[in-house]
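Asks:
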Amino acid sequence: METALPEVVIYTDGACRGNPGRGGWGAIIVYGQNEKILAGGEEATTNNRMELTAVISALSALNVRSRVRVVSDSRYTVDSINLGRVENWRKNGWKKADRSQALNCDLWEKLTDLCEKHAVSFEWIEGHSGHPYNERCDRLATAYADGFKTQAD
57 METALPEVVI YTDGACRGNP GRGGWGAIIV YGQNEKILAG GEEATTNNRM
107 ELTAVISALS ALNVRSRVRV VSDSRYTVDS INLGRVENWR KNGWKKADRS
157 QALNCDLWEK LTDLCEKHAV SFEWIEGHSG HPYNERCDRL ATAYADGFKT
207 QAD
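For reference, each letter of the sequence shown is one residue, going 57 to 209 in the numbering used here.
1) For Val111, count neighbouring Cβ atoms within 10 angstroms of its own Cβ and tell me buried if that reaches 16, exposed if not.
2) Assign Asn90 to one of three DSSP states: helix, strand, or coil.
3) Using the Cβ count rule (16 or more neighbours within 10 Å means buried), how would you classify Ala117?
4) Less than 6 Å between C-beta atoms, sequence neighbours within five positions excluded: which residues of the same chain meet that for Ser128?
5) For Arg105, count the other beta carbons within 10 Å of its own beta carbon; 16 or more makes it buried, fewer makes it exposed. Which is it?
6) Look up Gly77 in the DSSP assignment and give the residues it is bridged to.
7) Assuming Ile93 contacts Ile66 under a Cβ cut-off of 8 Å, what Cβ separation, rounded to an integer in Å, is found between them?
8) Looking at the unbroken beta strand (DSSP E) that takes in Val142, where does it start and where does it end?
9) Among Trp81, Gly88, Gly74, which one has its Cα closest to the Cα of Gly96?
10) Is it the case that the Cβ atoms of Val126 and Glu91 are separated by a distance below 8 Å?
11) Using the C-alpha atoms, what's the distance from His184 back to Lys147?
12) Which parts of the region 173-202 are runs of the alpha helix (DSSP H), unbroken and 4 residues or longer, counting only runs that do not cross its ends?
13) Within its chain, find whatever has a CB closer than 6 Å to the CB of Asp194; leave out the 5 residues flanking it on each side and keep chain order.
14) According to DSSP, Lys151 sits in a beta bridge with which residue or residues?
15) For Asn103, count neighbouring C-beta atoms within 10 Å of its own C-beta (all shown protein chains included) and say buried if the count is 16 or more, exposed if not.
16) Could you tell me which of Leu108, Trp150, Val120 sits nearest to Arg131, measuring between CA atoms?
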């Protein structure tokens, strides 16, 4: 029997200036009273890739198997997981129901591997609605998308 897993909440956001264009992502890992802030960006990317990269980066930063709740304003990320799309794409060789190639397979593969390592659930939150962690993640992501680096806020 597995011992009780540490409980972690991860808040994430991605941003892009142009789509494709310069992008950024931000993530805040909350464990008890502690926070770890992560952010980064890419010169040529898409918003969906930044949304996925935020989640992957945060999950990759966890040192022990944990019970994780990922909170994101990305319907693409949350619905693709919660509605079973990603599981179907993976089962079908990263092909969608119409047999076309699923987008961002490289990132989805990393994310599904991390979800198997941890006990992960995904929750959608409306973006730009005043949620403090979502707003902070948005500031981190847009700072990178706008082309400058920022210190954690």
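We put the beta carbon where it would ideally sit given N, CA and C, even for glycine.
Replies: Reading from the atomic positions:
1) The count along the sequence shown starts at 1 and reaches residue 111 at position 55. With 16 or more other Cβ atoms within 10 Å, it is buried.
2) Residue numbering aside, residue 90 sits at position 34 when the sequence shown is read from its first letter. Note: Asn90 maps to strand in three-state DSSP.
3) Position 61 of the sequence shown, counted from the start, is the residue given in the question as residue 117. So Ala117 counts as exposed.
4) Numbered from 1 along the sequence shown, position 72 holds the residue referred to as residue 128. Excluding positions up to five away in sequence, the list reads Thr68, Val134.
5) If you number the sequence shown from 1, residue 105 lands on position 49. Burial call: buried.
6) Within the sequence shown, numbered from 1, the residue matching residue 77 stands at position 21. DSSP lists Gly74, Thr101 as partners of Gly77.
7) Locating residue 93 in the sequence shown gives position 37, counting from the first residue. Locating residue 66 in the sequence shown gives position 10, counting from the first residue. Contact flag wrong, Cβ pair sits at about 11 Å.
8) As a first step, residue 142 is located in the sequence shown; it is residue number 86 there, counting from the start. Premise fails: Val142 lies in the alpha helix (DSSP H), 141-147, not in any beta strand (DSSP E).
9) Mapped onto the sequence shown, residue 96 falls at position 40. With distances taken between Cα atoms, Gly96 lies closest to Trp81.
10) Position 70 of the sequence shown, counted from the first residue, corresponds to residue 126. Position 35 of the sequence shown, counted from the first residue, corresponds to residue 91. Result no, Cβ atoms of Val126 and Glu91 do not sit closer than 8 Å.
11) For this step, residue 147 is matched to residue 91 along the sequence shown. For this step, residue 184 is matched to residue 128 along the sequence shown. Going from the Cα of Lys147 to the Cα of His184 covers about 35 Å.
12) 188-201
13) Here residue 194 refers to the residue found at position 138 when the sequence shown is read from its first residue. Excluding sequence neighbours, Asp194 sits near Asp69.
14) Position 95 of the sequence shown, counted from the first residue, corresponds to residue 151. Bridge partners of Lys151: Gln157.
15) Sequence index remark: in the sequence shown, residue 103 carries index 47 (1-based). The residue is buried, with at least 16 neighbouring Cβ atoms inside 10 Å.
16) Numbered from its first residue, the sequence shown carries residue 131 at position 75. Measuring from the Cα of Arg131, the nearest candidate turns out to be Leu108.
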